[in-house]
Amino acid sequence: MNMNAHTADATTVEEGLAIQEQQAVLDSESATAVAMQDTLLTPRFYTTDFEELDAIDVTPVRADWDHLIAEMRTDPNKGHFKKDDTWDHVDWDAMEPELKKEFIDFLISSCTAEFSGCVLYKEMKRRGHNKDVTELFQLMARDEARHAGFINDALREAGIAVNLGFLTQAKKYTYFRPKFIYYATYLSEKIGYARYITIYRHLEANPDKRFHPIFKWFEEWCNDEFRHGEAFALLMKTDPRLTAGVNVWWIKFFLTAVFATMHVRDHQRPAFHDALGVDTDWYGQEVFRKTSDLSKQIFPITLDIDHPRWSKGLNMLQRASAQVDAGKRKGGIGGKLTEWTGAAKAALAFAALYTIPAKRHQVPASTRLEPAY
Ligand SMILES: [Fe+2]
Ligand SMILES: [Fe+2]
């Protein structure tokens, strides 16, 4: 393989990963250690019942399916995720230490999340026989390998990178039944779109706040995530039972968990949001609103994020999570006690959020949407 090959030009996930493997010599241990963490809040790796997933028949959504796959095949972002002359120089040494720490944490966790999608999609493609399913997963894995590779490019300038080959081998995999993979992955793709486009639009209006060039890539980036979300909406649309009956409670659970996790994680990065000139609570609500609107394409409910108990519950959860962290730092029996009380408070806060009555919606006959934000 060409030593100057770049993940942005890779047309398959295998090629993209091989290029990253070559660069792994530069990778640092501490960044990989951060990516290895498995807590409720950090990105995980997933595995599932690949045979059940492979058995999906997309006939009920054939027209929309073919349209989406054709678009992904044209590969609109081939070659895009690469530093070019619009990539401004980043003076990492001059960056305020707190911001640097939080931004690097943001990059590592984004890279892990991108790579988590890559690993899951690639495995599905490898194990499956269903031509529709394997082609979709090959195309999505291709995109995620590029995204992860690009974030690693940015990290490398700061002298660190995540060792993706090592992560694949060593990180713990969480098993989710296929339907939980659909809910969780659909939401993470759509919320990913909403997060990236909200930051992109904000920085378009406030270019002086763009403290790192990677944000310039967020527009095309989020369009990839949008398409991935469309694919999961179609997969769920093939079976009406997935979005009815008791599964609506599961949908509510995943909506609450995904939104709550984002709230807590983002509040752990005050300097990062300060530098962007973004109020974390405003940003959160904005992203929840966009994600909720999009999810009406397939989910019969959305969370009532304007309910008076909503922000109260989120803040409670955030304080509880801070208490858990404080307990862990303290250590010993006293620390454990603090940690457990924090965990109990977090469970209560989550229950308070979960029991806010949801809003019901009529779901459209076709899931098809275009990115409009
Ligand atoms: Fe991605
Ligand atoms: Fe994605």
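So in full-length UniProt numbering, the last one in the sequence shown is 373, and the numbering has no gaps at all. Just so you know, even glycine gets a beta-carbon here, dropped at the ideal spot from N, CA and C.
Asked	Found
Mind checking whether the beta-carbon of G331 lies closer than 6 Å to any heavy atom of ligand 2?	no
Rounded to the nearest angstrom, what separates L294 and I191 at their Cα positions?	9 Å
With a threshold of 6 Å (Cβ to nearest heavy atom), would H6 be considered close to ligand 1?	no
Which one of I181, D88, W92 and V162 has the shortest CA to CA distance from F254?	I181
Alpha carbon to alpha carbon, how far is L276 from A351?	32 Å
Please list, following the chain, all residues that have a C-beta closer than 5 Å to any non-hydrogen atom of ligand 1.	E114, E144 and H147
Restricting to runs no shorter than 4 residues, where is the alpha helix (DSSP H) found entirely within the UniProt domain "Rubrerythrin diiron-binding" (105–235)?	131–157, 164–170 and 178–205
If you compare alpha carbons, which of G335, T302 and A344 is closest to P357?	T302
Once you ignore the five residues that flank A113 on each side, which residues in its own chain have a CB closer than 6 Å to its CB?	P43
Return yes when at least one heavy atom of ligand 2 lies under 6 Å from the C-beta of G313, else no.	no
Exposed or buried, what is N152 when buried is set at 16 or more other beta-carbons lying within 10 Å of its beta-carbon?	buried
Does the contact criterion of 3 or more C-beta pairs under 8 Å hold for the segment 152–167 versus the segment 226–241?	no
Assign Y283 to one of two classes, buried (16 or more other C-beta atoms within 10 Å of its C-beta) or exposed (fewer than that).	buried
Quickly, what does DSSP pair R368 with across the bridge? List them, please.	Paired residues: none, contrary to the question.
Does the beta carbon of H80 fall short of 6 Å from some heavy atom of ligand 2?	no
Is it buried or exposed for V246, if we count other Cβ within 10 angstroms and need 16 for buried?	exposed
Just to confirm, are C222 and Y193 a CB contact at a threshold of 7 Å?	yes
Taking contact to mean 3 or more Cβ pairs, one atom from each stretch, closer than 8 Å, check whether the segment 128–138 and the segment 100–112 are in contact.	no
Which residues in the same chain have their Cβ closer than 6 Å to the Cβ of S116, if we skip the five residues on either side of it in sequence?	P43 and F45
In whole angstroms, what is the alpha-carbon distance linking P76 and A271?	34 Å
Under three-state DSSP, which class holds K336?	helix
When the Cα of D336 is compared with those of Q323, E96, A346 and L348, which residue comes out closest?	A small fix is needed here, since residue 336 is Lys in this sequence, not Asp. The candidate whose alpha carbon is nearest that of K336 is Q323.
Please decide whether F180 counts as near chain D, where near means a Cβ-Cβ distance under 7 Å.	Among the chains of the structure shown, chain D does not appear; only one protein chain is present.
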